[in-house]
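Numbering-wise (my numbering), the sequence shown opens with residue 2 and increments by one.
By construction, the Cβ of each residue, glycine as well, lies at the ideal position given by its N, Cα and C atoms.
Structure first, commentary second.
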Amino acid sequence: MLKSALNFSHELLDEIVVEGDFVVDATMGRGNDTLKLARLVGESGRVLAFDVQVKAFEQTKFRLEEAKVLERVCLKLEGHENVGKYLEKNIRAAIFNLGYLPGSDKSVITRAQTTIRAVKSLMEHLCSGGRIILVVYHGHSGGSVEKNALLEFMDEISPEKFQVLQYQFVNQENSPPFLLAIEKK
Ligand SMILES: C[S@@+](CC[C@H](N)C(=O)[O-])C[C@H]1O[C@@H](n2cnc3c(N)ncnc32)[C@H](O)[C@@H]1O
Numbered sequence: 002m003l004k005s006a007l008n009f010s011h012e013l014l015d016e017i018v019v020e021g022d023f024v025v026d027a028t029m030g031r032g033n034d035t036l037k038l039a040r041l042v043g044e045s046g047r048v049l050a051f052d053v054q055v056k057a058f059e060q061t062k063f064r065l066e067e068a069k070v071l072e073r074v075c076l077k078l079e080g081h082e083n084v085g086k087y088l089e090k091n092i093r094a095a096i097f098n099l100g101y102l103p104g105s106d107k108s109v110i111t112r113a114q115t116t117i118r119a120v121k122s123l124m125e126h127l128c129s130g131g132r133i134i135l136v137v138y139h140g141h142s143g144g145s146v147e148k149n150a151l152l153e154f155m156d157e158i159s160p161e162k163f164q165v166l167q168y169q170f171v172n173q174e175n176s177p178p179f180l181l182a183i184e185k186k
């Protein structure tokens, strides 16, 4: 069976992230991706994770503590648009899950301007072969504005330096999420 955008995002991480890597979770939410990345980078690696909501921060911290991997992760209660100031060395991978935190305030959503600003900073610090992966949820109010701006931005990325992939089911109802991946050559 074909993989969902979310499952495919994890496969794309599994393929490249190894012990000791430096990686970013741009939208920690309930901490699923943060935990996955913390396990992939191992004890000697580091994860930098962002969210603007206290609920997401606390929930993620709790999950990491429970899994005994908190010391590998630097949690920031801050917008991912500020990621550039924390990137002293190159990253192997970054992941975004765009949209809102399920079960939380639906007006707190990721937005085109800040998402694109974060992606641009991450692209400047990506290792060769490194990937920035975005799972784009766009069925909510405001989602299509972010989706369209992102697709326009992806279209303009230099094919000499990066490969850009879109992975999407085209015959499903209710605006299923799709995946965008930027890989540095
Ligand atoms: C779809 S959820 C993320 C789900 C998460 N990856 C998980 O595994 O549960 C999107 C998250 O982005 C967060 N968010 C919104 N704007 C943000 C920003 N500028 N910087 C960082 N996170 C932001 C929301 O608070 C929300 O928790």
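contact_flag[the stretch 167-182, the stretch 129-137] where n(CB pairs < 8 Å) is 3 or more
yes
Leaving out five residues before and five after HIS11 in sequence, what residues of the same chain have Cβ atoms less than 7 Å from its Cβ?
LYS37
With a threshold of 16 other CB atoms inside 10 Å of the CB of SER45, please say whether the residue is buried or exposed.
So SER45 counts as exposed.
Any beta-carbon of chain D closer than 9 Å to the one on ARG93?
Chain labels in this structure do not include chain D; a single protein chain is all it has.
Less than 8 Å between C-beta atoms, sequence neighbours within five positions excluded: which residues of the same chain meet that for ILE17?
ARG93, ALA94, GLY130, GLY131 and ARG132
Is HIS11 close to ligand 1? I mean its beta-carbon at under 8 Å from any heavy atom of the ligand.
Answer for HIS11: no, Cβ out of range of ligand 1.
Is DSSP giving ASP34 helix, strand or coil here?
helix
Beta-bridge pairing of ALA1 - partner residues as DSSP gives them
Since the displayed the chain opens at 2 and closes at 186, residue 1 lies outside it and no answer follows.
Beta carbon of GLY80, beta carbon of PHE51: below 9 Å?
Yes; because the gap between Cβ atoms is below 9 Å, this pair is in contact.
LYS185 (DSSP reduced to helix, strand or coil)
strand
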